[in-house]
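Visitor: This is the structure I want to talk about, given as structure tokens.
Number of protein chains: 2
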Amino acid sequence: KLRALSGVSEPPRGLVQEKMTENAVFSQNKVLTIDTMNPNVKNVEYAVRGPIVQRAVQIEKELREGVKKPFTEVIKANIGDAHAMGQQPITFFRQVLALCSYPELLKDNMFPEDAKSRARRILQACGGSSLGAYSASQGIDCVRQDVARYIERRDGGVPCDPDNVYLTSGASDGIVTMLKLLVCGEGASKTGVMISIPQYPLYSAALAELGAVQVNYYLNEEKCWSMDLSELERSLAEARKHCNPKVYQDNVYAEGCQFHSFKKVLFELGPQYSNTVELVSFHSTSKCYMGECGFRGGYMEVINMDPEVKAQLIKLVSVRLCPAVPGQALMDLVVNSPQPGEPSYTTFMKERTTTLSLLAEKAKLTEEILNTVPGITCNPVQGAMYSFPNISLPQKAIKEAKALGQAPDMFYCMKMLEETGICLVPGSGFGQKDGTYHFRMTILPPTDKLKLLLAKVKEFHQKFTRQYS
Amino acid sequence: KLRALSGVSEPPRGLVQEKMTENAVFSQNKVLTIDTMNPNVKNVEYAVRGPIVQRAVQIEKELREGVKKPFTEVIKANIGDAHAMGQQPITFFRQVLALCSYPELLKDNMFPEDAKSRARRILQACGGSSLGAYSASQGIDCVRQDVARYIERRDGGVPCDPDNVYLTSGASDGIVTMLKLLVCGEGASKTGVMISIPQYPLYSAALAELGAVQVNYYLNEEKCWSMDLSELERSLAEARKHCNPKVYQDNVYAEGCQFHSFKKVLFELGPQYSNTVELVSFHSTSKCYMGECGFRGGYMEVINMDPEVKAQLIKLVSVRLCPAVPGQALMDLVVNSPQPGEPSYTTFMKERTTTLSLLAEKAKLTEEILNTVPGITCNPVQGAMYSFPNISLPQKAIKEAKALGQAPDMFYCMKMLEETGICLVPGSGFGQKDGTYHFRMTILPPTDKLKLLLAKVKEFHQKFTRQYS
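Chains as they are written, first to last, in this note's numbering: chain P, 1 to 469; chain F, 1001 to 1469.
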């Protein structure tokens, strides 16, 4: 039976026409139901914004409405949302964005000259000198050139062609675009994509949506989440039995002084690698010292891609017209930040250093306090802003969780949220070895709040362990 | 053979390891080739940024490099990119965006009080009072409330629940999300989506990417592109033979005083419609008097959706985290613009009126001049900012185009671009009745340039007709 997604349709014949509630009488007649919708979408899971977070939002509302709880606020450590946790934006970036948004400010004396000249340069590269014009689908030319130079500096001079750079809406957008290109086939020849476990749920969600096969290889928790070649080979051999595997390895979140790009390593291995291995890497404005998630700025660099496929990629990104231009401008500022001698340099460096040392301090704090709790083991947080501690759960708790149809670490995290107001994400949303349990938390809350959070986690874990022993 | 999308793989064994060019020796070994990539992506076509536009960009580069052409600039009338065509942004919107970007400006006296209080309200609704924080995946609460009130005013009081409002990255993003939910099945039960022809190429592109069946129904050009019910029924009956059709009707681009929303009409028809018909409507910051395409702001309102499907929709939008926050802020300003008595009201209304009357004037101009050309017939441009004139092409031209494997109107538009520098889009990219030919042009260029453009189109069409007669 045809029903309309829009106003153009015949009336639902023969149905009671009295006053009726929306979902009672008619729901069986809807065009779009859980049974008729895209089954791939149903298979999507996304833990970082899943049931725990939805409940956390509800609890916040209950607190506002005066409901009594054993705590007075929800502390969210579920998502890498730096500014929401009080991290301050970089002054120079925001000055340039304000100037670009309202160019009348260029006449004002309150802004440093380097911020003004940067804003002028970005505006000149925009259609009609306005952030409100579409950019090229691949991104603004001069921003892509700046990204290319940034990548060259990062890799000690390894060349980067701006034509290989695509600006994206955050890193997620680029990742999904690349996965879209990769997926094809049915049954045993269906594309399988190898991802490390624990993974970021974006990958599993995007693969489910695209109907591809997720192929897991496990990182070695005992060796600080490093990768074993033998595990990669095991996973690959296993996958070949039921799909057509392709490797995906995420290098977005590696940060800090020990960072070596895959691209640089390829070039060091010589031309038989650097001229052939197809590599895509992603970066965004969302993490690190800038933490500007809300602007959805990002880029990807694509090397050794087949030129015919590249033409298809360009077409694919064209359909979405362009990434939001303020995010492109911000990405430009990140890859082309103030230089020594420029008026904004001192403030920029001070802000950057303060944020990064605070993060390093909080990483250490998290590891140290969690490791004092019997039953919690936490690897050093070597970069990025997350920890993924291992938790021992009593058999009785595991049994009770299973009786409720919940993953045991979901049961644990939900209980923690209800009792302490702390919002973490269960490890099962990221993947983990069978029989092990984890939670993921960000290290982003302000130091005082992070200490409180860690103390509460400690207290909760001890209580939970006693309760189910 | 497994090759790597990333750095993690074995070397390509047995291959020549001397110096080699990127795509010569190894391309047959790439993981991702035109034969192994997602076939749905290959089927995507996107005329608005297709070959004509790519050639236009090339010609612009050639002109900059001093190549002699029969013209000195490319005039782009291919895409509704108002600011690129010189339309000025609304002062109030940009003031608020600058204040939100760099809240230090709130201390300054140069901004009107209403702009400041608006900025404070938006920032208060952002995590950490920063545009740099993620918002809820569905969009910022207070923005969705403002959108709901705007829709209620639009529809003369028909209620709108903010929970039914989803903020999106432009309208395109919302449309693709909805299509994703709709698509399922294989073979004869595969989802077919009915779209009006001419259509906006986003729909055909998104349907191709999702592997759904595009079901065309033709608008009646003789009756100013109106819809015939009999044509809808013909198309539906035809489609049922090979797929499972669902209706999609775009109401994004309807504008102006005669606008009646589908939702309002449903409510006027009574509860048997308004409580049951599933309807989604889209709006964005990109068109109309604001023309802020680059910010990618938008929303959709979803009514009568099955609650289970709605839960799936929320999950799906969560995977992309959130629409860019500056775009959400801008959407808020559009649905909640300055009111009488507020300091910015007079300037706002003046700017808005100027832009809209200019557009009306250019719409009239376009229709009038094109209709003076023998072989061109142009319907009145009743709203939005595009015209889709019908062009008669000589048999000889059609033959020559076919010999080149080109759609005849692509041949025509490409020739016009090469000879005059004018960039239009062939009607074939939007769909048209077999044997009819059209081009699409925007009415956005500044009046002087639009006159020049229309004069050149006229001259070209006459010359082309003579040449191929």
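Idealized CB from N, CA, C, for every residue including glycine.
When you compare only the Cα positions, how much space is there between F/Phe1460 and P/Leu279?
Guide: C-alpha separation (whole angstroms): 47 Å.
Visitor: Taking any Cβ of chain F, which residues in the segment 367-378 of chain P have a Cβ under 8 Å from it, in chain order?
Guide: Residues: none.
Visitor: Evaluate the contact criterion for the segment 1428-1435 of chain F versus the segment 1078-1088 of chain F: three or more CB pairs, one atom per stretch, below 8 Å.
Guide: Judged by Cβ distances under 8 Å, the segment 1428-1435 of chain F makes no contact with the segment 1078-1088 of chain F, as fewer than three pairs qualify.
Visitor: Pick helix, strand or coil for F/Glu1060, following the three-state DSSP scheme.
Guide: Three-state DSSP puts F/Glu1060 in a helix.
Visitor: Quick one: does P/Glu292 have its CB under 7 Å from some CB of chain F?
Guide: It does: the Cβ of P/Glu292 has a partner Cβ on chain F nearer than 7 Å.
Visitor: Apart from the five residues just before and just after F/Val1381, which ones in its own chain have a Cβ nearer than 7 Å to its Cβ?
Guide: Taken in chain order, the residues that qualify are Ala1363, Thr1366, Glu1367, Ser1387, Ile1443.
Visitor: Please go through the same chain and pick out, in chain order, the residues whose beta-carbon is closer than 7 Å to the beta-carbon of P/Gly50, but skip the five residues on each side of it.
Guide: Answer for P/Gly50: Gly429, listed in chain order.
Visitor: Closer than 8 Å is the cut-off here; do at least three beta carbon pairs connect the segment 54-74 of chain P with the segment 413-428 of chain P?
Guide: Contact holds: three or more Cβ-Cβ distances are below 8 Å.
Visitor: Where are the beta strand (DSSP E) runs, 3 residues long or more, that stay fully inside the segment 250-324 of chain P, in chain order?
Guide: Complete beta strand (DSSP E) runs here, min 3: 279-284, 297-303.
Visitor: Would you say F/Val1044 faces chain P, with C-beta separation under 7 Å as the test?
Guide: Yes - at least one Cβ of chain P is within 7 Å of the one on F/Val1044.
Visitor: So which residues of chain F does P/Thr465 contact, with C-beta pairs closer than 9 Å?
Guide: By Cβ distance, chain F contributes nothing, its closest Cβ being about 32 Å from P/Thr465, past 9 Å.
Visitor: Output, in chain order, the set of chain P residues within a Cβ distance shorter than 9 Å of F/Phe1295.
Guide: Simply Leu131, Gly132, Ala324, Val325, Pro326.
Visitor: Along chain F, in chain order, which residues have C-beta atoms closer than 8 Å to that of P/Cys423?
Guide: The contacting residues do not exist; P/Cys423 stays about 13 Å from chain F at best.
Visitor: With a threshold of 16 other CB atoms inside 10 Å of the CB of P/Met290, please say whether the residue is buried or exposed.
Guide: Per the 10 Å Cβ criterion, buried.
Visitor: Whose Cβ in chain F lies nearer than 9 Å to the Cβ of P/Gln312?
Guide: Per Cβ cutoff of 9 Å: Ile1034, Met1037, Asn1038, Val1041, Lys1042, Val1044.
Visitor: With a threshold of 7 Å on Cβ separation, who are the neighbours of F/Ala1148 within its own chain once the five nearest residues in sequence on each side are excluded?
Guide: Cys1160, Asp1161, Pro1162, Val1165.
Visitor: Can you find at least 3 beta carbon pairs, one from the segment 1397-1407 of chain F and one from the segment 1448-1457 of chain F, that sit closer than 8 Å?
Guide: Contact between the segment 1397-1407 of chain F and the segment 1448-1457 of chain F is absent, because fewer than three Cβ pairs lie under 8 Å.
Visitor: Can you give me the start and stop residues for the alpha helix (DSSP H) that P/Lys456 sits inside?
Guide: Its alpha helix (DSSP H) spans residues 447-467.
Visitor: Are there three or more Cβ pairs, one per stretch, closer than 8 Å when the segment 343-351 of chain P is compared with the segment 79-94 of chain P?
Guide: The segment 343-351 of chain P is in contact with the segment 79-94 of chain P.
Visitor: Can the beta-carbon of F/Leu1182 be found less than 7 Å from the beta-carbon of F/Lys1223?
Guide: The answer is no: Cβ separation not under 7 Å.
Visitor: Please report the distance separating the alpha-carbon of P/Asp493 from that of F/Pro1307.
Guide: Residue 493 of chain P cannot be examined here, being either before or after the span of chain P that is shown, 1 to 469.
Visitor: Beta carbons nearer than 8 Å to chain F: which residues of the segment 377-396 of chain P have them?
Guide: Listed by position, the residues of the segment 377-396 of chain P near chain F (Cβ gap below 8 Å) amount to none.
Visitor: Looking only at its chain, what residues have a beta carbon closer than 6 Å to the beta carbon of P/Val53, apart from the 5 residues adjacent to it on each side?
Guide: Excluding residues within five positions, the ones whose Cβ falls inside 6 Å are Asn78.
Visitor: Do P/Ala56 and P/Leu417 come within 7 Å of each other at the CB atom, strictly closer than that value?
Guide: Yes; because the gap between Cβ atoms is below 7 Å, this pair is in contact.
Visitor: Spatial neighbours of F/Lys1396 within its chain, please: C-beta separation below 8 Å, excluding the five flanking residues on both sides.
Guide: The answer, listed in chain order, is Tyr1468, Ser1469.
Visitor: How about P/Pro162: is its C-beta nearer than 7 Å to some C-beta of chain F?
Guide: Closer than 7 Å: no.
Visitor: Buried or exposed for F/Thr1346, going by 16 or more other Cβ atoms inside 10 Å?
Guide: It counts as exposed.
Visitor: Please list the partners that F/Lys1315 has in chain P, where partner means a Cβ-to-Cβ separation under 7 Å.
Guide: Result: Val44, Tyr46.
Visitor: What residues in its chain sit with their C-beta under 6 Å from that of P/Cys378, if we drop five residues either side in the sequence?
Guide: Answer for P/Cys378: Glu367, Leu370, Asn371, Ser387, Pro389, listed in chain order.
Visitor: If we ignore side chains and look at the alpha-carbon of each, how far apart do P/Gly383 and P/Trp225 end up?
Guide: Rounded to the nearest angstrom, the two C-alpha atoms are 12 Å apart.
Visitor: Residues of chain P with a CB under 8 Å from the CB of F/Gln1214: which are they?
Guide: The premise fails here: F/Gln1214 is roughly 14 Å from chain P at the closest Cβ pair, so nothing lies under 8 Å.
Visitor: Who are the near neighbours of P/Asp108 in its chain, counting only those whose CB is closer than 8 Å to its CB and skipping five residues on each side?
Guide: Cβ within range, chain order: n/a, list empty.
Visitor: Does DSSP classify P/Ser337 as helix, strand or coil?
Guide: P/Ser337: coil per DSSP, three-state reduction.
Visitor: With H, G and I counted as helix, E and B as strand and the rest as coil, what does DSSP make of F/Pro1112?
Guide: Of the three classes helix, strand and coil, the one that applies to F/Pro1112 here is coil, per DSSP.
Visitor: In this structure, does DSSP put P/Val183 in helix, strand or coil?
Guide: P/Val183: coil per DSSP, three-state reduction.
Visitor: Give the interface partners of P/Arg120 over in chain F, defined as CB-CB distance under 8 Å, in chain order.
Guide: Near P/Arg120 there are no residues of chain F at all, since even the closest Cβ is about 15 Å away, more than 8 Å.
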